[in-house]
Amino acid sequence: MTQRRYLFFGAHPDDPDLLFGGTAIQLARAGHAVQFVSVTNGNAGHQSMKPAELAARRYEETQASAALSGIEEYRVLNHNDGELEPTLAIRQELVRLIRAFRPDVVITHRTCDYHADHRATGQLVQDASFLVGVPLCCPDTPVGDTAPVFAYSYDRFQQPRPFRVDAAVAIDAVLETKLAMCDCHKSQFYEWLPWCNGNRDFDASRMDAAARREHLLRGWMERNVRQAELGREALRAVYGAAGDGVRYAETFELSEYGRPVSIEEFRRLLLP
Ligand SMILES: [Zn+2]
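Residues in the sequence shown are numbered consecutively from 46, following the working numbering.
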């Protein structure tokens, strides 16, 4: 087997898990190298904690999730949550990170996603995508032999155009592990996100593991059900008739930047 390498840039510590977790588990189990990067430290995602203690807690959450997933590394860059901008300094930071990891595939948010940090992350990765191959940019880090393929993870936003499903990956077989990864991010799924979504009385302290699983399944994995429905044609293309029975999927859109590949090759690249 030729080992492939995957790099996911999310804005916050939990975005890679939600958007790429199931695919990453399967790739890692098959022996491929996967790295998650959170471009911010997540220090604004809570209603009562202080930023520094929140960043430390969220870092621990990423490491617990990484240990369950089998990925090589879950990096958290030290940029403030809610303040990310597509600056030259961070663009160069990402160029160096991409060159050092030598990924076959780089995945990130689209630049029409809802959160300013998601948009900035998408912009930074797009801005890095060409410069990764320019030796005089960041000359301290050598350019690799092969340009990576760039891609976007799913979002539900319609303007300026809806997400296009170019590839879909069935995650039913690893759903429990993806749920366990999300369960590591307790500061988010049981504290901040319910509060942020208007549920001010949400009390996770009384929830046992089964109740937490149910909360994640009903509240968060529905978006993977939606992706399976949107991606049915792409699922059939890779799994044949079995594609009709897939309930949970993660979907990806091929970027025009980076190494050009056919849709068929793109789909194969995301399978273990
Ligand atoms: Zn996020």
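A virtual CB, placed ideally from N, CA and C, is assigned to each residue, including glycine.
Remember, predicted model here, so these are calculated numbers, not experimental data.
Cβ-based neighbour list, residue i, same chain, cut-off 7 Å, excluding 5 preceding and 5 following
i	result
R292	D217, V270, A273
H91	L99, S232, E236, W237
V283	R312, L316
Beta-carbon separation (whole angstroms), residue i vs residue j, contact threshold 8 Å
i	j	result
V177	I143	5 Å
L139	L169	5 Å
T153	Y197	6 Å
R304	P193	6 Å
T85	L129	5 Å
Element boundaries [alpha helix (DSSP H), containing residue i]
i	result
V283	277-284
L181	Neither: L181 is in no alpha helix (DSSP H) and is coded neither H nor E.
I70	60-74
V140	133-146
Whole-angstrom distance between residue j and residue i, CA atom to CA atom
i	j	result
L99	R257	21 Å
A73	M266	21 Å
I116	A78	7 Å
T296	S114	19 Å
R251	R263	18 Å
P131	H124	11 Å
N244	A111	29 Å
R201	P207	7 Å
L314	G276	16 Å
Contacts around residue i, its chain only, beta-carbon distance under 8 Å, and the 5 residues preceding and following it disregarded
i	result
A109	C229
M94	R102, S232
R209	E298
Opening and closing residue of the beta strand (DSSP E) in which residue i lies
i	result
F247	Looking at the DSSP string, F247 is not in any beta strand (DSSP E), and its letter there is neither H nor E.
A78	78-83
Y302	294-303
I152	150-153
A89	No beta strand (DSSP E) contains A89, which DSSP labels as neither H nor E.
Contact set for residue i: own chain, Cβ-Cβ below 6 Å, skip 5 residues either direction
i	result
G66	K223, M226
I135	L169
P239	F247
Y119	F81, T107, A111
Backbone secondary structure at residue i - three-state DSSP
i	result
L122	coil
G55	strand
T186	coil
Y104	helix
V214	strand
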